[in-house]
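If you use our numbering, the sequence shown corresponds to residues 5 to 499, in order. See structure below.
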Amino acid sequence: MNELGMIAIDLGASNGRVVYGRLKDNRIDMQELHRFENRPVAVNGVLYWDILSLFAEIETGIRRAVEQGLDFSTAGVSSWGNTVGLFDKNKDLLMNPVHYRDANPRSILKELHGKVSEETMFQRTWYKPMDIQPAVFLRYMMKKNPGLMKQVSTVLMISDVITWFLTGEMKSEITQAATSQLIDMDRMDWDAEYMKELGLDAGWFPRVLQFEETIGEMRPEIAGKKGVKVVAVAGHDTASAASCAASCEREKSLYLSCGTWSCMGCVTDGIKRDMRLFRAGVTNDLGLNGEKQLRFNHTGLWILQECRRFWEQDGSTIPWEVLNRETEEAEPFLAVIDTKADDFFRRDDMPKKVADYCRRTGQRTPKTRGETCRVILESLAMRYRYSKERLEECSGDTYKMMSMLGGGAKNRILCGFAANAMGIPVEAGPAEATTLGSFMQQAAAAGRLADLEEGRRIVRSGEEIRRFEPKDRQIWNDKYLEALRITGWAEHREV
5 MNELGMIAID LGASNGRVVY GRLKDNRIDM QELHRFENRP VAVNGVLYWD ILSLFAEIET
65 GIRRAVEQGL DFSTAGVSSW GNTVGLFDKN KDLLMNPVHY RDANPRSILK ELHGKVSEET
125 MFQRTWYKPM DIQPAVFLRY MMKKNPGLMK QVSTVLMISD VITWFLTGEM KSEITQAATS
185 QLIDMDRMDW DAEYMKELGL DAGWFPRVLQ FEETIGEMRP EIAGKKGVKV VAVAGHDTAS
245 AASCAASCER EKSLYLSCGT WSCMGCVTDG IKRDMRLFRA GVTNDLGLNG EKQLRFNHTG
305 LWILQECRRF WEQDGSTIPW EVLNRETEEA EPFLAVIDTK ADDFFRRDDM PKKVADYCRR
365 TGQRTPKTRG ETCRVILESL AMRYRYSKER LEECSGDTYK MMSMLGGGAK NRILCGFAAN
425 AMGIPVEAGP AEATTLGSFM QQAAAAGRLA DLEEGRRIVR SGEEIRRFEP KDRQIWNDKY
485 LEALRITGWA EHREV
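Structure, rendered in structure tokens:
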């Protein structure tokens, strides 16, 4: 097999990276070129993504590949979802994209749901409505700033914004478009009639690209040469990560893409048109090549990351290894928190938020960093069991194993807790699943793989996969039943 050099651009909610990949002899070798923080910026009460800074960091990464003489012929971009960029008729960005954790768009929810109820929104797309989605944000902007919205000619999802910067082509990738809650999943295209009901202009949204299509050529001044194809890999990072999960090859298996968010899902044989999904908080979603999935989205390592950020405000750096040791030494099952509660959604003094929640619910409060971390990780594991049960109810299947992907796969404490809470084995890895998924998809688009299954086998053969067996089943089961009562999750168990 001839070598194939590739570039993967992976933008997460907390950091981004540019990685070089080389496919040779049924192996993908990776070299991280540049890793950088993704720091939102608050201006006059609005929280923004610093998109131009992010693109400058991406250019730095690609430039390093050129300077090192690394040969590459394709590139792909994956990012978080639920965010759009607004462009005028001259294809100029009208404003920095607003962060999905900005509280302002929620003010439109009552008015929006008076026009189109949440239930109706779900039945139109079979994708669970969330207040962070572009369907909500665009309605909010039309009310808040109608003058600016009159200038809008094109709306792009965030990974599509980056591919526009790279290629000069304005197109939409399907898995990223699905997170807008504006896609007809049967046709895998924009739902113009639904947009009309919401008062949105279907003309804003460019053509949707499917798996393996070419978006355009990377600008030579960026790539250092002509002919580098930017490929429509899964633009939504969760879909990219899930594409290389072992569970996608096995029946009765789950995947969990765990970073700032935790996205648990399973492959299905088609769209589930059932209001039980709505009541359970489960959504249909799109994977690669039209693959249909069920997914349960909720908070991931965000709460823990924010605690660490707060503890480091004095200028110190706290290695994760130190926090892991303190977590292991802390008392188990001190308390449990509802990780989906609004208390924990926005930036704040997160350790205080955790303690306040415990106090308010009549529990003991964590006093140390280790106790706080342990409460968070145990609570996440409990939430994973809850997610598994909801997916089982909606799919009719019983899941026997889970693949843990992304940054969470590196946290052995969380992986062990997840296995204990769910009562099934957890296979952890690869941690860089989004990047490997991008490389796998680029190789398929270049005709170097027979199919995605071959790509998954290549990924697994080159990555360390750790297996965690469930332990201490009885106490974890007892504590889970307590957690259902304390958090209020029990009220939503039966759908």
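We treat Cβ as the ideally placed atom computed from N, Cα and C, and that holds for glycine. Being a predicted model, the structure only gives us computed values, none of them experimental.
Residue burial classification, residue i (beta-carbon count within 10 angstroms, cutoff 16)
i	result
Ala-385	buried
Cys-252	Note that Cys-252 has pLDDT 49, beneath the 50 cutoff, so the model's placement of it is unreliable and the number below is only indicative. Burial call: buried.
Gln-72	exposed
Gly-257	Residue 257 is actually Ser in this sequence, not Gly. Flag for Ser-257 reads buried.
Arg-464	buried
Ser-121	exposed
Thr-402	exposed
Arg-477	exposed
Leu-56	exposed
Asn-415	buried
Gly-441	buried
Ser-261	buried
Met-406	buried
Glu-375	buried
Nearest residue (CA-CA) to residue i, options the options
i	options	result
Lys-229	Tyr-131, Thr-171, Gly-466	Thr-171
Arg-351	Ile-307, Asn-328, Thr-343	Ile-307
Trp-84	Thr-183, Met-99, Ile-112	Thr-183
Arg-368	Leu-485, Glu-393, Ile-341	Ile-341
Glu-582	Asp-29, Leu-142, Gly-25	Nothing can be reported for residue 582, as the shown portion of the chain is limited to 5 through 499.
Leu-213	Asn-301, Ile-66, Glu-123, Leu-160	Leu-160
Asn-30	Ile-490, Ile-479, Phe-443, Ala-345	Phe-443
Val-379	Gly-203, Pro-224, Ile-322, Lys-356	Lys-356
Gly-65	Glu-457, Met-10, Ile-479	Met-10
C-alpha gap between residue i and residue j, whole angstroms
i	j	result
Ser-18	Pro-44	9 Å
Gly-239	Met-174	14 Å
Arg-277	Phe-126	9 Å
Gly-433	Val-70	30 Å
Gly-412	Asp-289	22 Å
Pro-138	Asn-424	37 Å
Gly-231	Ser-266	37 Å
Tyr-484	Met-426	10 Å
Lys-200	Phe-59	33 Å
Gly-319	Asp-353	16 Å
Leu-488	Thr-343	12 Å
Gly-459	Ser-163	23 Å
Boundaries (first-last residue) of the beta strand (DSSP E) holding residue i
i	result
Glu-221	218–221
Gln-35	32–41
Lys-28	Taken as a continuous stretch (DSSP letters only), Lys-28 belongs to no beta strand (DSSP E), as it is neither H nor E.
Trp-265	265–272
Thr-372	Where Thr-372 is concerned, there is no enclosing beta strand (DSSP E), given that its DSSP letter is neither H nor E.
Ser-257	257–262
Residue span of the alpha helix (DSSP H) that contains residue i, given as start and end
i	result
Ile-131	First, the amino acid is wrong: residue 131 is Tyr here, not Ile. Counting along the chain, Tyr-131 falls outside any alpha helix (DSSP H), and DSSP gives it neither H nor E.
Thr-491	477–491
Lys-200	196–202
Phe-472	Segment 470–472 is the beta strand (DSSP E) holding Phe-472; no alpha helix (DSSP H) there.
Stretch pair the stretch 458–474 + the stretch 36–50: three plus CB contacts closer than 8 Å: no
At least 3 beta-carbon pairs within less than 8 Å: the stretch 307–320 vs the stretch 282–299: no
Contact the stretch 96–108 vs the stretch 137–152: 3+ CB pairs below 8 Å: yes
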